[in-house]
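Peer 1:
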Amino acid sequence: GAGVSQSPRYKVAKRGRDVALRCDSISGHVTLYWYRQTLGQGSEVLTYSQSDAQRDKSGRPSGRFSAERPERSVSTLKIQRTEQGDSAVYLCASILRGTIYFGPGTRLLVL
Amino acid sequence: ELKVEQNPLFLSMQEGKNYTIYCNYSTTSDRLYWYRQDPGKSLESLFVLLSNGAVKQEGRLMASLDTKARLSTLHITAAVHDLSATYFCAVTRGETSGSRLTFGEGTQLTVNP
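Residue numbers (the numbering used here), protein chains in the order written: chain A, 10 to 120; chain B, 31 to 143.
In structure tokens form, the structure reads like this:
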């Protein structure tokens, strides 16, 4: 395939609403990570999923973040009850044999 | 908890000059990565360093790793404007089926003509 892709590339959401961000990884890649990148705070891992798990456990910063794996090469990051502090770039990373492939990111703005 | 710190966070330099970006991490790690990110773009892999004493070079960039000091450096030689970007180091530790990265805060490099 052409690499890791993410959609949408830009998303504006009203505070309190739920959003879903999609990541299409490379066929055969087992593990997908979601990272959040904010200005001045760097990048932190949010959650991850592996091929045999349809739903992962949420990581930081709270249980509002979860990832689902509807298909082996697709991951959906769900953010519940968005807050203004969730405004950031969300990066999906796909891993195969220790090599990490990043998607282009989704820029989320919560108003 | 694994922590990664970079310095400086902001770097403005003249073309033709040399400079070094430092990356310290708090516990042992398996791999250290350097990434470049241009505004609005994703992370571009520059180097992967696997072992103590590893040194890799690509063009005007050279990365090294000292696992005993838990320190990696990214050295820029004779900087050019095209190197302006944000540089991140990241480390992984001990996960066999994935590679969870812990990132530094990033160094925003501006190379002035």
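Note that beta-carbon positions come from the ideal geometry of N, C-alpha and C, so glycine has one too.
Just to check my reading of the structure: A:Leu-118 and A:Val-21 have Cβ atoms closer than 8 Å, yes? What is that Cβ distance to the nearest angstrom?
Peer 2: Along the first sequence, one-based indexing puts residue 118 of chain A at 109. Along the first sequence, one-based indexing puts residue 21 of chain A at 12. With 8 Å as the limit, A:Leu-118 and A:Val-21 qualify as a contact, their Cβ atoms being about 5 Å apart.
Peer 1: Please report the distance separating the alpha-carbon of A:Lys-87 from that of A:Arg-26.
Peer 2: What you label residue 87 of chain A is simply residue 78 of the first sequence in a count that begins at 1. What you label residue 26 of chain A is simply residue 17 of the first sequence in a count that begins at 1. Looking at the two C-alpha atoms, the distance is approximately 11 Å.
Peer 1: Counting only beta-carbon separations shorter than 8 Å, does A:Tyr-19 have a partner in chain B?
Peer 2: For the purposes of this step, residue 19 of chain A is taken as the residue at position 10 of the first sequence. Chain B contact via Cβ: absent.
Peer 1: In three-state DSSP terms, what is A:Gln-89?
Peer 2: Indexing the first sequence from 1 puts residue 89 of chain A at position 80. The answer is coil: DSSP assigns A:Gln-89 none of H, G, I, E or B.
Peer 1: Once you ignore the five residues that flank A:Leu-55 on each side, which residues in its own chain have a CB closer than 6 Å to its CB?
Peer 2: Looking up residue 55 of chain A in the first sequence gives position 46. Closer than 6 Å at Cβ, skipping near neighbours: Trp-43, Arg-45, Gly-68 and Phe-74.
Peer 1: Determine the DSSP secondary structure at B:Asp-60, reduced to helix, strand or coil.
Peer 2: Position 30 of the second sequence, counting from 1, holds the residue named residue 60 of chain B. Coil at B:Asp-60, not helix or strand.
Peer 1: Just checking, does the segment 39–54 of chain B make contact with the segment 102–115 of chain B on the three C-beta pairs under 8 Å criterion?
Peer 2: A contact exists between the segment 39–54 of chain B and the segment 102–115 of chain B.
Peer 1: Shorter than 8 Å from the beta carbon of A:Ile-35 to some beta carbon of chain B?
Peer 2: Numbered from 1 along the first sequence, position 26 holds the residue referred to as residue 35 of chain A. It does not; no Cβ of chain B falls within 8 Å.
Peer 1: Go through its chain and collect everything with a Cβ distance to B:Leu-101's Cβ below 6 Å, but skip five positions before and after it.
Peer 2: Mapped onto the second sequence, residue 101 of chain B falls at position 71. Asn-54, listed in sequence order.
Peer 1: Comparing the C-beta of A:Ser-14 with each C-beta of chain B, is any distance below 8 Å?
Peer 2: As a first step, residue 14 of chain A must be located in the first sequence, where it is residue number 5. No, A:Ser-14 lies away from the interface with chain B (no Cβ there is under 8 Å from its Cβ).
Peer 1: Kindly indicate which three-state DSSP category A:Gly-94 falls into: helix, strand or coil?
Peer 2: As a position in the first sequence, residue 94 of chain A is number 85, starting the count at 1. Helix, per DSSP.
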